[in-house]
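Residue numbers (my numbering), protein chains in the order written: chain A, 1414 to 1528; chain B, 86 to 198.
Heads up, the beta-carbon is just placed ideally off N, CA and C, and yes, glycines get one too.
All of these numbers come straight from a predicted model, not from anything done at the bench.
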Amino acid sequence: GAVVSQHPSWVICKSGTSVKIECRSLDFQATTMFWYRQFPKQSLMLMATSNEGSKATYEQGVEKDKFLINHASLTLSTLTVTSAHPEDSSFYICSASRDGAYEQYFGPGTRLTVT
Amino acid sequence: AQSVAQPEDQVNVAEGNPLTVKCTYSVSGNPYLFWYVQYPNRGLQFLLKYITGDNLVKGSYGFEAEFNKSQTSFHLKKPSALVSDSALYFCAGGTRNTDKLIFGTGTRLQVFP
Chain A
1414 GAVVSQHPSW VICKSGTSVK IECRSLDFQA TTMFWYRQFP KQSLMLMATS
1464 NEGSKATYEQ GVEKDKFLIN HASLTLSTLT VTSAHPEDSS FYICSASRDG
1514 AYEQYFGPGT RLTVT
Chain B
86 AQSVAQPEDQ VNVAEGNPLT VKCTYSVSGN PYLFWYVQYP NRGLQFLLKY
136 ITGDNLVKGS YGFEAEFNKS QTSFHLKKPS ALVSDSALYF CAGGTRNTDK
186 LIFGTGTRLQ VFP
């Protein structure tokens, strides 16, 4: 149990376009979902926390208008990178937690390359 | 400020030997501590957690970790390393007051045959 999927696993887009990444909890209801960004050979940087049906809480320094997060249901959260630029190229990882549980279950990640 | 530290960027160990990956934490209150493993171009896989109770926690793939409150440590251990254990390991901490996790910088484990 506790499987989280992400789609797509990789995406290449042109500068100025928008990209949507989906995160789904496949076998449990995720009350909270998290979006992370990971640069090569670095740790995970939390971008935002989202709870189903409410606005996401963004970490300091993360542009909420650029990284749009929607958590429309207990099994789906989306991250949209708007007007992407090459510096947005990164590995984006989502995670989900169940109500009352402390551990997070991670998706396999999405590699975004902006050309 | 709360933090999780992994003092070693890389740990090298021969197959069959015991391994230790170090983690120390600075978290207010009673900490929740986790170990995750990441293989190349993949997400993180949960290994084990300490929430409360027995200080020695056993997890997946033969790994275990010991919560040491006096030393504020939560080192990951395995009695006999396998080449397939080679990966990037992350220690993470949290508290009851928040659902966020603070991650260490990661330690790359290399097991040589």
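Taking contact to mean at least 3 C-beta pairs separated by less than 8 Å, is the stretch 148-157 of chain B in contact with the stretch 92-100 of chain B?
-> no
Can you give the beta carbon distance from B/CYS176 to B/GLN87, rounded, assuming they're within the 8 Å contact cut?
-> The Cβ separation is near 13 Å, so there is no contact.
Cβ-based contacts, 7 Å cut-off: residues of the stretch 1426-1454 of chain A near chain B | THR1445
B/LEU129 versus chain A: which residues are under 8 Å apart at the beta carbon?
-> Below the 8 Å Cβ cutoff, chain A contributes LEU1457, ILE1506, SER1508, PHE1519 as neighbours of B/LEU129, in chain order.
Just to confirm, are A/GLU1435 and A/GLN1451 a CB contact at a threshold of 8 Å?
-> no
Report, in whole angstroms, the separation of the C-beta atoms of A/LYS1488 and A/ARG1437, which I expect to be a contact under 8 Å.
-> Position check: residue 1488 of chain A holds Thr in this sequence, whereas Lys was assumed. With a Cβ gap of about 6 Å, A/THR1488 and A/ARG1437 count as contacting.
Use the C-beta contact count for A/GLN1455: other C-beta atoms within 10 angstroms, 16 or more gives buried, fewer gives exposed.
-> exposed
May I ask you to verify whether the stretch 114-129 of chain B touches the stretch 1500-1520 of chain A, counting CB pairs closer than 8 Å and requiring at least 3?
-> yes
Distance between beta carbons of B/GLY178 and A/ILE1506, contact taken as under 8 Å | Actually they do not touch by this definition, with Cβ atoms about 18 Å apart.
Give a yes or no on whether the C-beta atoms belonging to B/GLN195 and B/SER171 are separated by under 8 Å.
-> yes
CB B/LEU106 to CB B/ILE187, shorter than 8 Å?
-> The sequence given here places Val at residue 106 of chain B; Leu does not occur at that position. Taking C-beta atoms as the reference points, B/VAL106 and B/ILE187 fail to come closer than 8 Å.
B/PHE131 bridges to which residues according to DSSP?
-> B/TYR121
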